[in-house]
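Q: Mind looking over this structure? Questions follow.
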Amino acid sequence: MNRIRLTLAAALLTLSALPALAQTTASAGTTTQTAQATQTSPLQLVLNDYLVTSVRGVGGRVTERLNPDATRARPGDVIQYEVSAKNTSQRTLQHARPVLAVPAGTVFVASAGGSQNVTTEYSFDGGKTFGAAPLFKTVVVNGTSQRVQVQPSEYTNVRWTVARLAPGEAYKMVLRVRVR
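Under UniProt numbering, think of the first position of the sequence shown as 1, with each following residue one higher.
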């Protein structure tokens, strides 16, 4: 699990379309990371991770529980990463784009943008290009180029574009991965 934790601390949580680049920093002994841009950046990013577990309640109904200690994750477990983006400036931000890498040792499961104001795009090439799902790539089979759909398990990065973020407004975006 330490490998996933270290990878997360070094995960590519970046910010485009703003004057400053975001940098990810981690506190020792905690699974909460804060991505803080230089002082000129109007967007505050906070990254939290949770171990997703299923709990059987009264009447046999199964519900999910988000446990804040994802360090206990084992192969097959699902981890949920939540990226909170908040506009700390006095002006409306346009097209803020937080990007989160799928950590090594995990595979993409799902993502959510949290609002109609947020567009979600995916990359399968380490964040060089992004597009809306489904993604396609060209492969050569028996000497012939074929266009095939990229499987979600091949996604390497998720980018959320927040069209408008008013002063003081915040959004939460979610990425779920399964531990290999």
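Think of the CB as a built atom: it goes at the ideal place given N, C-alpha and C, for glycine as much as any other residue.
#1: What residues in its chain sit with their C-beta under 7 Å from that of GLU154, if we drop five residues either side in the sequence?
#2: Give the DSSP bridge partners of LYS137, in chain order.
#3: Can you name the start and end residues of the beta strand (DSSP E) that ARG72 belongs to?
#4: Going by C-alpha to C-alpha distance, which of LEU45, GLN149, GLY113 sits closest to ALA85?
#5: Please confirm whether LEU175 and TYR81 have their CB atoms less than 8 Å apart.
#6: By how many angstroms is the C-alpha of THR106 removed from the C-alpha of THR30?
#7: List the endpoints of the continuous beta strand (DSSP E) containing GLN44.
#8: Between the stretch 53-65 and the stretch 149-164, are three or more C-beta pairs nearer than 8 Å?
#9: Please classify PRO103: is it buried, with 16 or more other beta-carbons within 10 angstroms of its beta-carbon, or exposed?
#10: Rank ALA163, ARG147, THR129, GLY127 by C-alpha distance to the C-alpha of ASN117 and give the top, closest one.
#11: Tell me the DSSP secondary structure of GLU169 in three-state form.
#12: Closest to GLY113 by CA distance: which of ALA170, ASP77, VAL141, ARG74 is it?
#13: Starting from the C-beta of ALA110, find all residues in its chain whose C-beta is less than 7 Å away, skip the five residues before and the five after it, and write them out in chain order.
A: This is what the structure gives:
#1: Locating residue 154 in the sequence shown gives position 154, where the first residue counts as 1. PHE124.
#2: For this step, residue 137 is matched to residue 137 along the sequence shown. Under DSSP, LYS137 forms a beta bridge with VAL148.
#3: Residue mapping note: residue 72 aligns to position 72 of the sequence shown, counting from 1. Bounds of any beta strand (DSSP E) do not take in ARG72, whose DSSP letter is neither H nor E.
#4: Counting from 1 along the sequence shown, the entry for residue 85 is found at position 85. Comparing Cα-Cα distances from ALA85 to each of LEU45, GLN149, GLY113, the minimum goes to LEU45.
#5: Reading the sequence shown from its first residue, position 175 is the one you call residue 175. Reading the sequence shown from its first residue, position 81 is the one you call residue 81. The answer is yes: Cβ separation under 8 Å.
#6: Start at 1 with the first residue of the sequence shown, and residue 30 comes out as number 30. Start at 1 with the first residue of the sequence shown, and residue 106 comes out as number 106. Unreliable placement is indicated for THR30, whose pLDDT of 36 sits below 50; the coordinate value is still reported in the next sentence. Straight through space, the alpha carbons of THR106 and THR30 are spaced by roughly 20 Å.
#7: Within the sequence shown, the letter at position 44 stands for residue 44. Note, GLN44: beta strand (DSSP E), 43-56.
#8: Touching, no, given that fewer than three Cβ pairs across the two stretches are closer than 8 Å.
#9: As a working mapping, residue 103 is identified with position 103 in the sequence shown. Label assigned to PRO103: buried.
#10: Reading the sequence shown from its first residue, position 117 is the one you call residue 117. Out of ALA163, ARG147, THR129, GLY127, ALA163 has the C-alpha closest to the C-alpha of ASN117.
#11: In the sequence shown, residue 169 corresponds to position 169, counting from 1. Coil, per DSSP.
#12: Along the sequence shown, read from residue 1 onward, the residue named residue 113 stands at position 113. Of the candidates ALA170, ASP77, VAL141, ARG74, the one whose C-alpha sits nearest the C-alpha of GLY113 is ALA170.
#13: Your numbering for residue 110 matches position 110 in the sequence shown. Taken in chain order, the residues that qualify are ARG176.
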